[in-house]
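For reference, the structure discussed in these notes is given below.
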Amino acid sequence: MTHPYIPNTEPGVRAEMLAAVGARSVEEFYADIPAELRLNRPLDLPAPLVAEQDLVRHMEGLFAKNVAGLSFLGHGSYAHYVPAVCDEVNSRSEFLTAYAGEPYEDHGRFQALFEYVSMMGELLEMDVVNVPTYDGYQASGTAIRMACRYTGRPKVLLSGAIAAEKLSKLRDFLSHDIEMVFAPVAANGEIGEVEIDDTFGAIYLETPNVYGVVETRGKELADLAHANGALLVVSADPISLGVLAPPAAYGADIACGDIQPLGMHPGYGGGHAGYIATQDHEPLVAEFPSRLFGIAPTKVPGEYGFGDVYYDRTSFAHREEGKEWVGTAAALWGITAGVYLALMGPEGMKELGETVLSRTRYAMDALGRHVTVRHRDAVHFREFAIEVPSSGALLDGLRDKGIFGGVALDDRTVLVCVTECHSTDDIDRLAAAVKEVLGA
Amino acid sequence: MSGHGESFAELPVAPKPPLRRFHQARWDEPIIFELSRPGRRGIAVPQAEGPGVELPASVRREHAPKLPEMSQLHVLRHYLRLSQENLGFDLNIDVGQGTCTMKYSPKVNDLFAKATNPLHPHQHEDTVQGVLEIYWRMERMLAEISGMSRVSLQPGSGSAAIYANIAMIRAYHNANGGEHRDQVITTMFSHPSNAACAKTAGYEVITLMPDAEGLPDIEALKAAIGPRTAALMITNPEDTGVFNSRIKEFVDLVHSVGGLACYDQANANGILGITRARDVGFDLCHFNLHKTFSTPHSCGGPAAGACGVAPALEPFLPEPTVDRVEFDGNERFVLKYPEKSVGKIRPFLGVTPNVVRAYAWIMSLGAEGLRQVAETAVLNNNYLMHKILQIPGASVPWNSRHVEQARYSWQQLSEETGVHSEEIGTRAADFGVHYWTSHHPYLVPEPFTLEPTESYAKEDLDEYAAILAHVADEARRDPEFVKGAPYNQTIHKIDMTSLDDPKQWAPTWRAYVRKHLSGQG
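Protein chains in written order, with UniProt numbering: chain A, 1 to 440; chain B, 1 to 521.
The following block contains the structure:
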């Protein structure tokens, strides 16, 4: 049978093509591969499921082994509501299956990504935003590298309130040539008292931080950085920026983060894409490794064309002499986040922020009747930490009741996440279950 | 008499002309900000039931973001129009994106990808046994395909996989007294990320240039290796589509000085089931799941990379791995943390929707199907090459045998007409196809790179070759016409000069408004 995905396996056409080329068999094309490097047996793989319905049955069997629950999981991946239009647009063949065409045949991709970076620019109050990198981890790593290259100082002071997994990435990516110094975490969950000198290239802050705490001393840290000739790099969750001040408003030089909350499903870690933003300051723009798309005129008045801004920075242009590297990353999620921001508009982003703030506070109060809520006086967005006798025992007990209660930060600390998708009934159910599990 | 008026055309309908009369959608769509009308909304948000939270001034947003205000239909319509102004794989004969292995991404696999949507990456292992099993099975299949002992599916793309391999190489040498090894060797026809990732990771990069036959110069390798060699990062076939038959000598030479050999398998599509990385002696390799294993290219990601390693590198794999354990006679899939792991390369386990798609793709083909993929891709390439080389002015540098792709040159045509390769590609787009030239620098003059994967039918290849033949002929008859292209696209020829001028460039709408519209209301 001719495989449905491989039209030229049909013997007639195969013979016709071989005859046209003047080859007796496909083997002739492989003559450069020495015999000792050949695999002289078929690959040992499962028998194929060529009929689509057989494949569907097999995959459904695997997916049936997953279990759903009422989830309060966050800690880097967030189940915000995904508007149907987001999925409609990113499922379109024209976007889903395109790759790297020129600004003519792929005009739509260029415009959609230009619009994404432009809407992010409005949200961030910054003029330069990259075509997405892989994820928020990479965005932070690159933003710190950009600051160190810009200042010529390979040293950074980092907030201590960073997720352990992200820190693992930053250590791998930075520590061979950038010194990483960590700030203490204050009792209220914010960054503690810090000092730097003129050997530091950057201060790196996250808000909301790993405990869901919104950092309130951004301006002070920007002043401290600038007084020492360093930059302030802030990783901010874009979905909070309808209500929270964007990093640029308190003096940050580089903003970065993950756009997964803006219209991407968790997808077991598949929804991530990273943003990096600066003001339009040429020496700092020069440090972006990513592609930047900009408007350019065409022969015809009234037509918008697009192209790469300052391409000459990239590894595409100069291999190892470019800035870090650029390649395929997460463009479709950028387009999707643009759709999300256009649907939400300024009012939607504000209302969403207010709802998340309010429900987070509601959940802190509800759980606070049964457990200790940490950093209770701080401003929280979406997440908060609770102290329990045993993280594992609580989460196991909740799971028995069909609730994924949170993420264990350590043996006694659980991070709880609340979005606009949680009703107060959901939160009450969690609180009641926590009480029951702890009381048992 | 009918109500249709007088006849002006006759049946039967005439045959189609030799070339498609294509025209890309031209909606003349404004920038989205120009569609905004105050007060409109695209989606409603649940309101808070409880009291609002009063934010301190230090963190409160002062000015509402100037996002567009649009109704839902108008957002949808804008983006659907933009989508129509984009040429996806599903709509064109996408053989022109050489090195990128543009192949059919089966629609059924998109359904499997969507099934992962609600799964949270911090869910307890007990609740995600199905997805963990897919990771484990996928790893075993790629281990068999590469000959490697373990495979990490964590990296988000091919370049991220290259970086992950370099991170493992660094960790391996650091753990084995090789901290002094500070050089990475790569080749000019390997992807630029091999050089760029190595540099980012702190290595000095040595690039081998092609020899008289177009293969990486083995004498240059002999001169480059030594006690400072950390690794060789090499593609084979390189982006020229020529298989380097001396590859084992390259690997052995690097091993002879204690370096590691790392195989960029971005171009694996023509050799699946034919030859394997480990059987050549490589210590590490990587695949691009969005190339060889069919996941959609998504306008440039999300993609997925897979890093294969030999046993000596296993302790350094990105964390966590997915392991299978026997438990009371049942199997169970668990997360494990390798003892000397390089740590995280990206969040969580990987780009799960694409891992799932690629798994389903292999399952739909099996061993025999993968072999058919490879052989058909190679047949298609040799057939297309045969057609392209009949076009006056087109050539392939070096008189070599080709596997799955070829890098061609329009040097002769360009010298005769003054028309450059980019311009021919732009004109070809007027017929509903496109091509990519080459990475920089252009070692092959006036390059273009075609990779007709197994997905295309003979008629597709004939049509593609006919389009290039037509454009080459146009270039001879009327070079200025070709240089003025495109004509049948959404937009006309772009003046790119402002994009490199800091005073003029506009990487966002707000920058555009500030630089070019201020004072115009």
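Think of the CB as a built atom: it goes at the ideal place given N, C-alpha and C, for glycine as much as any other residue.
Values in this document were obtained by computation on a predicted structure and should not be read as measured data.
Annotation: the continuous alpha helix (DSSP H) that includes A/M59 extends over E52 to F63. Sorting B/I31, B/T437 and B/K199 by C-alpha distance to the C-alpha of A/A112 places B/I31 at the top.
Per DSSP, B/I491 is not a residue of any alpha helix (DSSP H), being assigned neither H nor E. Excluding its 5 nearest sequence neighbours in each direction, B/V131 has C-beta neighbours in its own chain below 8 Å: T116, L119, T352 and V356, listed in chain order. In its chain, beyond the 5 residues on either side, V243 and F381 have a beta carbon closer than 7 Å to the beta carbon of A/L357. An exposed status is given to B/L11, since fewer than 16 other beta-carbon atoms sit within 10 Å of its beta-carbon. Taking 9 Å as the upper bound on Cβ-Cβ separation, chain B lies near residues R145 of the region 139-160 of chain A. Along the region 417-431 of chain A, going in chain order, the ones with a CB nearer than 7 Å to a CB of chain B are E420 and T424. Within chain B, the C-beta atoms nearer than 8 Å to that of A/F293 come from P507, in chain order. Around the CB of A/Y362, 16 or more other CB atoms lie within 10 Å, so the residue is classed as buried.
Residues G156, S157 and H290 of the same chain have their beta carbon placed closer than 8 Å to that of B/G301, with the five preceding and five following residues left out of the count.
Counting only the Cα atoms, A/G108 lies some 36 Å from A/E10. In the three-state reduction of the DSSP assignment, A/H176 falls in the coil class, being assigned neither a helical nor a strand state. Residues G338 and L341 of the same chain have their beta carbon placed closer than 6 Å to that of A/M119, with the five preceding and five following residues left out of the count.
Ranked by how close their Cα comes to the Cα of B/D264, the residues B/D283, B/V257 and B/G273 have B/D283 in first place.
If you check the CB distance, B/F431 and B/R37 do not come in under 9 Å. By the Cβ criterion, the region 248-257 of chain A is in contact with the region 265-276 of chain A, since at least three pairs of Cβ atoms, one from each stretch, lie closer than 8 Å. Taken through DSSP and simplified to helix, strand or coil, B/H78 comes out as helix. For the region 338-353 of chain B, residues whose beta-carbon sits nearer than 9 Å to a beta-carbon of chain A comprise S341, V342, G343, K344, I345, R346, P347, F348, L349, G350, V351, T352 and P353. Secondary-structure assignment with DSSP links A/F182 through a beta bridge to A/L158. For B/L111, the secondary structure class from DSSP, reduced to helix, strand or coil, is helix.
Under the three-state reduction of DSSP, B/L317 is assigned to coil, being neither helix nor strand. A/D308: member of the beta strand (DSSP E) spanning Y304 to D308, first to last residue. About 18 Å separates the beta carbons of A/G348 and B/R77, which is beyond the 8 Å limit, so they are not a contact pair. In this structure, the alpha-carbon of B/F250 lies about 18 Å from that of B/A266.
For A/S235, the enclosing beta strand (DSSP E) covers residues L231 to A236.
Residue state for A/W325 is assigned as coil, using DSSP reduced to three classes. Burial is judged here by how many other beta carbons sit within 10 angstroms of a residue's own beta carbon; B/E62 has fewer than 16 and is exposed. Here the region 490-507 of chain B lies against the region 297-306 of chain A, with 3 or more beta-carbon pairs under 8 Å apart.
In the displayed model, A/G22 falls within coil according to three-state DSSP, outside both helix and strand. Counting other Cβ atoms within 10 Å of its Cβ, A/Q53 stays below 16 and is therefore classed as exposed. Three or more Cβ pairs drawn from the region 434-445 of chain B and the region 413-426 of chain B lie within less than 8 Å of each other, which places the two stretches in contact. What A/H75 touches in chain B, judged by beta-carbon distance under 7 Å, is H122, going in chain order.
Counting along the chain, B/N194 sits inside the alpha helix (DSSP H) bounded by residues P192 to T200. A check of alpha carbon separations from B/H173 across B/R228, B/Y512, B/H191 and B/D323 identifies B/R228 as the nearest. Residues of chain A whose Cβ lies closer than 7 Å to the Cβ of B/W436 are, in chain order, A100.
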